[in-house]
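Trainee: Per the working numbering, residue 7 is the first one in the sequence shown, and the count goes up by one each step.
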Amino acid sequence: MPHEAALLAQEFGTVDERVARLNARYVNHSATSVLELALRDAELGRIALVSSFGAESVVLLHMISVMKPDTPVIFIDTQMLFQETIDYQLELIDKLDLRDVRRIQPKPANVAKIDPDGTLNQRDTDACCDLRKTVPLQDAMEGFDAWITGRKRFQAGSRSTLDFFENELDTRIKINPLAHWAPEDVKDYMINNRLPRHPLVAKGYPSIGCAPCTSPVKEGEDPRAGRWRGQEKIECGIHFVDGKMVRGPLPVAETSDSSTKGDAA
């Protein structure tokens with residue numbers, strides 16, 4: 007029997023064709039409508055939510071818990087996360103009744119070979135992200151045709167033209183239900199649904215990654231200014247734009263191109 011991805015291609019066309027059709031189909035839909043309909047859209051195949059259980063992750067996790075609580079949720083545990091993130095993850099699993107959270111980690115053999123003393127982040131943050139995030143996620147995504155992200159246009163220049171659906175290297179589709187949301191929309195959703203916040207948000211962390219590479223953000227700074235502070239790095243590398251892994255600033259032409267492809271919360 008052919009792989010399900012091949013069956014999707016036979017029935018619905020290439021990833022590019024499906025992405026164009028999906029964006030046209032859902033162009034005027036709300037975030038909740040996009041997610042709810044996408045979860046049962048045959049063109050998307052097998053879907054997982056990739057979540058960092060970070061500052062804004064609870065929004066999509068709550069939506070999933072209401073719409074389809076058995077949706078696979080992939081949580082990348084880099085083994086360098088804040089303890090508050092681990093505790094928050096366990097709290098949300100219980101509170102929201104999430105039924106299929108898959109906590110993935112880098113392979114011990116790879117860590118022993120590449121970062122035996124745990125100091126790689128001090129020498130090469132890109133290599134550290136590759137070891138602890140990119141490779142584990144790529145392995146975990148092998149069984150899926152699409153994945154849900156919490157990325158939003160307001161978060162960074164590389165996300166300024168984000169669509170609801172994206173082509174990821176002609177292999178799978180990324181779904182960005184919150185692409186058009188503003189910070190106020192995120193805040194209102196959390197308040198209206200009485201959702202618990204990540205404990206580090208109150209301490210000045212509006213964007214939360216690994217402990218060694220995340221610092222508090224001062225008033226007036228970009229929400230992601232505390233990620234890899236002092237470096238040109240802006241993304242961990244699990245996302246792609248125009249087929250290229252995003253880690254540093256993009257040329258102006260790329261950030262303004264409406265054909266941008268790619269880039270958990």
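Ideal placement from N, C-alpha and C gives every residue a C-beta, glycine not left out. Note that the coordinates shown come from a computational prediction; the quantities given were computed from them, not determined experimentally.
For the candidate residues Pro114, Val79 and Phe59, whose alpha-carbon lies nearest to that of Leu201?
Mentor: Phe59
Trainee: Per DSSP, what kind of secondary structure is Phe18 in: helix, strand or coil?
Mentor: Phe18 falls in the helix class under three-state DSSP.
Trainee: Can you list, in chain order, the residues of its chain with a C-beta nearer than 7 angstroms to that of Arg46? Leave out the 5 residues immediately preceding and following it.
Mentor: none
Trainee: Buried or exposed, going by whether 16 or more other CB atoms sit within 10 Å of the CB of Arg157?
Mentor: buried
Trainee: If I measure Cβ to Cβ from Ser71 and keep anything under 7 angstroms in the same chain, skipping five residues before and after, which residues do I get?
Mentor: In chain order, Leu102, Asp103 and Leu104 place their CB closer than 7 angstroms to the CB of Ser71, counting only its own chain and leaving out the 5 sequence neighbours on each side.
Trainee: Give the secondary structure of Arg159 by DSSP, where H, G and I count as helix, E and B as strand, and everything else as coil.
Mentor: Arg159: helix per DSSP, three-state reduction.
Trainee: Do you know offhand how far Ser213's Cα is from Ala12's?
Mentor: 37 angstroms
Trainee: Which first and last residues belong to the alpha helix (DSSP H) in which Lys101 is found?
Mentor: Lys101 -> alpha helix (DSSP H) spans Gln89 to Leu102.
Trainee: Put Tyr174 into one of helix, strand or coil per three-state DSSP.
Mentor: Here residue 174 turns out to be Glu, not Tyr, going by the sequence shown. Looking at Glu174 - three-state DSSP - the assignment turns out to be strand.
Trainee: Within a Cβ cutoff of 7 angstroms, which residues of the same chain sit near His68, ignoring the five residues on either side of it in sequence?
Mentor: Leu102, Asn199 and Leu201
Trainee: Looking only at C-alpha atoms, which of Ala37, Glu10 and Ser63 sits nearest to Met196?
Mentor: Ser63
Trainee: Looking at the unbroken beta strand (DSSP E) that takes in Ser57, where does it start and where does it end?
Mentor: Ile53 to Ser57
Trainee: Excluding five sequence neighbours on each side, which residues of the same chain lie with their C-beta closer than 8 angstroms to the C-beta of Val40?
Mentor: Tyr32, Phe170, Ile181 and Pro183
Trainee: Compute the beta-carbon to beta-carbon distance between Ala152 and Ile53, rounded to the nearest angstrom, for a pair I have assumed lies under 8 angstroms.
Mentor: 5 angstroms
Trainee: Suppose contacts are defined by Cβ-Cβ distances below 7 angstroms. Is Leu6 in contact with Ala133 by that definition?
Mentor: The structure shown has nothing for residue 6, since the chain only spans 7 to 271.
Trainee: With H, G and I counted as helix, E and B as strand and the rest as coil, what does DSSP make of Ala146?
Mentor: Three-state DSSP puts Ala146 in a helix.
Trainee: Looking at the structure shown, is Lys224 part of a helix, part of a strand, or coil, going by DSSP?
Mentor: Lys224 falls in the coil class under three-state DSSP.
Trainee: How about Glu90 and Leu14: are their beta carbons less than 7 angstroms apart?
Mentor: no
Trainee: Round the Cβ separation of Ile92 and Ala146 to the nearest angstrom and send it over; I've been treating them as touching at under 8 angstroms.
Mentor: Incorrect: roughly 18 angstroms between the Cβ atoms, too far for contact.
Trainee: Mind checking Gly232: buried by the 16 CB within 10 Å criterion, or exposed?
Mentor: buried
Trainee: Over what stretch of residues does the alpha helix (DSSP H) that includes Ile70 continue unbroken?
Mentor: Segment Val64 to Met73, the alpha helix (DSSP H) holding Ile70.
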